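Take the sequence shown: its letter number 293 is residue 524 in my numbering, and every next letter is one higher. Note that the Cβ used here is the ideal one computed from N, Cα and C, for glycine as well. All values reported here derive from a predicted model rather than from experimental measurement. Notes follow the structure.
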Amino acid sequence: MARRFDLSGTWTFATADGRSGTMPVPSNWHLRGLPDYAGRVTFHRTFELPPLAPRERAWLRFEGVDYEATVSLNGRPVGFHRGYFAPFEFEVTTLLRPGENELSVEVNSPKDPPGSWPNDKVVIKGVLNHHDCRPGSWDPERGQDGNTGGIWGPVELLLDEGVRVHAVRAAPFLQPDGSARVAVEADISWAGSEELAWSLEVVDPHGTTAASAEGRESGLPGRRTLSCVVTVREPRLWWTWDHGLPNLYRLRMTARLPDGASDTLERRFGIRELRIDADWTWRLNGRRIFPRGTNIIPTQWLSEYTPERIAQDVELLRRANINAVRVHAHVNRRELYDALDEAGILCWQDFALQWSYAECDAVAEECRRQIQEMVHHLFNHPSIVVWCCHNEPEKNRRSLDPMLAAAVREADGTRHVEEASDFRYHPYPGWYYGHWREFAEAPGAPFVNEFGAQALMNVDSMREAFGDAAWPPDWARWAYHDFQYRETFHIAGVSMGASLEEFVANSQEYQARLLKFAIEQYRLRRFRPGDRPVTGIFQFMFMDCWPAITWSVVDYWRRPKRGYEALRLAYQPVLPVIRPSFGGDVAAAGSEVRFDVPVVNDLPRGWDTVTVEFAVRAPDGSPAFSFSGTGSVPADTVHRAARNIAWRIPPEPPEGAYRAEVRLVRPDGEVLGENWYEFRVVQVPRGAYHAAEIE
């Protein structure tokens, strides 16, 4: 079996402009004393190594270097890699020496050069180097601040016994008889010309061998791809958390030489199938499913995205009733996808292309290489069900993106591939134009990949991010941190108020109101026949990647805004919605108003009988009206559980904000879903409204 030597730790560094010192690896240099630095940094360390055993081979492996890495060992060149997200390795057997060894890595993380930025980019980092949610926003002068360069992943030296399993990939295919065929590919290398024996074991979620295979290979030494197919009987399928269990299998590949030297690689995978119909209906394992999604950009600097931080984010996602995420225009670290696999959360995976790039062969060739590298790197993750090549392309839409889609299909024929996520799927009424009530017409349907509004961080976070610039606002500082002035005041019409506390409350209230309304309107059209059905939605966005004012519902410090609760409420798998007979959220005193309660049920199971508990509370919170009745909640549908709940408003009620509340309760007392609707009651002179309203 291979021996491993961890080469992470403290390295020395020297920048191209003459600075030097020490830095921990892994890290991003922006976080370790080189803020906003772009360009070349040479990292260096020494390590001790005993003499290699006969037939032992050495591999130098990097989990992640941003953006270009030129590696040398003991003064001799090793290799070069470009691209920020993928692991890579080099064989260094002949370059090592017993005793002290010197390892150098020149890392180059450049800015896009003048003339290329921002519409002819050549650096392939997606939102990590061009976006309106990152340091500097899309400012032409400072929009590339916060450079992501560095050796952000662990570094290790692996010594094998003359044989190595480099990678193993599993592609499951469900069969008509309920079994699953799993097509397996393994990349294996060995020294010498001996016959190689290999064995494969598929282990189910309970530790039982579900399938196995073995074989032999002979021929010239080197690296080759072996393939086989095994059948898993009665497989435990991978489901989203709201439809079942996210069952995970282990794939264990062992390669062995005649003298007993061996290597084993184990990877997890899930047995599942996702198909997307022509009308954009998602079917997981043959079952219709509605993605309640969000866009995520968890961090600007991958080294700080620790397992603890990932676990915190996944817990926040689950508590918000989210069953799908879109990793927005970047590729994150492997541990995030592991966590999504375990949590049963679907993943729409974007490639790292954001807006426009240079139309030249060199960029196209590099994009093609890197997008296939992404697919190979993340292939085994069952949570990933869609590959998307480009976010909001403009001039590249008909030239670069079709070529990339073909490259992805060449590397993976099992998943859905989208050439691009276009602007037409990204409606923003109430933020970039119009009013949030336009969501009633389901803009962007049938499958909506972005929608939302900005909101300020909580007061504590605002003060932590801005200090004295938090209030009164330093608008230039705020704009650098992504705040959009025109949209906030002149489209959304958010009132600044007289204090930071008031501004935060008004901003967050606006975002929460928009999200709740939009999601309810979209979900009420869930798979509805006829005009503008909706098959899935992805709110923009969930968390901040740095201290910023954006569309997020959770800030950089993971403090939820009011929009988080709105998202959690509106994304309940079983969602009752209160629909009043009056418009504009205003009812007249003395009139009779009526309420319907349609229920959206995303679950594959239903309930024949539920109790509908309905109440209206006066502005002081006291009960003004109550109703209790029974209804049903069929599976996988939208169904009216109660209709025409009538309330005669008193002729002179307290004025102010009233709140209608509804709960759906199962016979065993469990609450299936709950919701609320706020409206005002106002006095209207008699004769100024239709008599039918007061009869």
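Check: From R292, L571, T462, G438, residue whose alpha carbon lies closest to that of W469; Outcome: L571
Check: Terminal residues of the beta strand (DSSP E) in which V394 lies; Outcome: 394-405
Check: Other residues of its chain near Q742: CB distance less than 6 Å, five sequence neighbours each side excluded; Outcome: A684, A686, G794
Check: Local Cβ density within 10 Å of M935, reported as buried at 16 or more and exposed below that; Outcome: No answer is possible for residue 935: it lies beyond the span of the chain, which begins at 232 and ends at 926.
Check: Collapsed DSSP secondary structure at E625 in the structure displayed; Outcome: coil
Check: Residue closest to A300, alpha-carbon to alpha-carbon, out of G306, A289, Y315, W290; Outcome: Y315
Check: Neighbourhood of V460 by C-beta, 6 Å cutoff - its chain only, sequence neighbours within 5 removed; Outcome: R412, A414
Check: CA-to-CA distance, Q580 to E823, given in whole angstroms; Outcome: 50 Å
Check: Contact set for Q603: own chain, Cβ-Cβ below 8 Å, skip 5 residues either direction; Outcome: A638, V639, E641, A642
Check: Rounded Cβ spacing between V864 and V805 (contact assumed at less than 8 Å); Outcome: 6 Å
Check: As assigned by DSSP and simplified to three states, the class of C578; Outcome: strand
Check: The alpha helix (DSSP H) enclosing N680, as first and last residue numbers; Outcome: Here N680 belongs to no alpha helix (DSSP H), and DSSP marks it neither H nor E.
Check: Beta-carbon spacing of H559, N622 below 9 Å; Outcome: yes
Check: Own chain, CB closer than 8 Å to R518, minus 5 neighbours either side, in chain order; Outcome: H474, P835
Check: Beta strand (DSSP E) segment containing V616, residue limits; Outcome: 615-619
Check: Helix, strand or coil at G860 [DSSP, three-state]; Outcome: strand
Check: Alpha-carbon spacing of I925 relative to G821, whole angstroms; Outcome: Unreliable positioning characterises I925 in this predicted model, as indicated by a pLDDT of 39, which lies under 50. The coordinate reading is nonetheless provided below. Cα to Cα, I925 sits roughly 6 Å from G821.
Check: Proximity of S424 and T462 at Cβ, strictly below 9 Å; Outcome: no
Check: Cα-Cα separation between Y664 and N552, rounded to whole angstroms; Outcome: 29 Å
Check: Distance between L505 and R514 (C-alpha atoms, nearest Å); Outcome: 6 Å
Check: Classification of D851 by the beta-carbon crowding that lies within 10 angstroms, buried from 16 upward; Outcome: exposed
Check: Inter-residue spacing [alpha-carbon to alpha-carbon] between A769 and V272; Outcome: Position check: residue 769 holds Phe in this sequence, whereas Ala was assumed. When rounded, the distance between both Cα atoms is 39 Å.
Check: Presumed contact (8 Å Cβ cut-off) between V323 and W369, rounded CB distance; Outcome: At roughly 42 Å, the Cβ-Cβ gap does not stay under 8 Å, so V323 and W369 are not in contact.
Check: G698 (DSSP reduced to helix, strand or coil); Outcome: helix
Check: Beta carbon of R757 nearer than 9 Å to that of T868; Outcome: yes
Check: contact_flag[the region 717-733, the region 480-492] where n(CB pairs < 8 Å) is 3 or more; Outcome: no
Check: Proximity to V545 [Cα-Cα], best of I576, P281, D699; Outcome: I576
Check: Proximal residues to P529 (C-beta, below 8 Å), its chain only, five neighbours per side dropped; Outcome: Y536, R540, I541, D544, N563, L567, M774, C776
Check: DSSP-derived helix/strand/coil call for A872; Outcome: strand
Check: Beta bridge counterpart(s) of L275 as assigned by DSSP; Outcome: The amino acid occupying residue 275 in the given sequence is His; Leu does not appear at that position. Its beta-bridge partners are T243, S335.
Check: Helix, strand or coil at Y664 according to DSSP, with G and I counted as helix; Outcome: strand
Check: Best match in G900, P882, G904 for proximity to P916 [C-alpha to C-alpha]; Outcome: P882
Check: Supposed close pair N554, T471 - CB separation, criterion 8 Å; Outcome: 5 Å
Check: P807 vs A872 beta-carbon contact at 9 Å; Outcome: yes
Check: E546, enclosing alpha helix (DSSP H) - first and last residue; Outcome: 538-550
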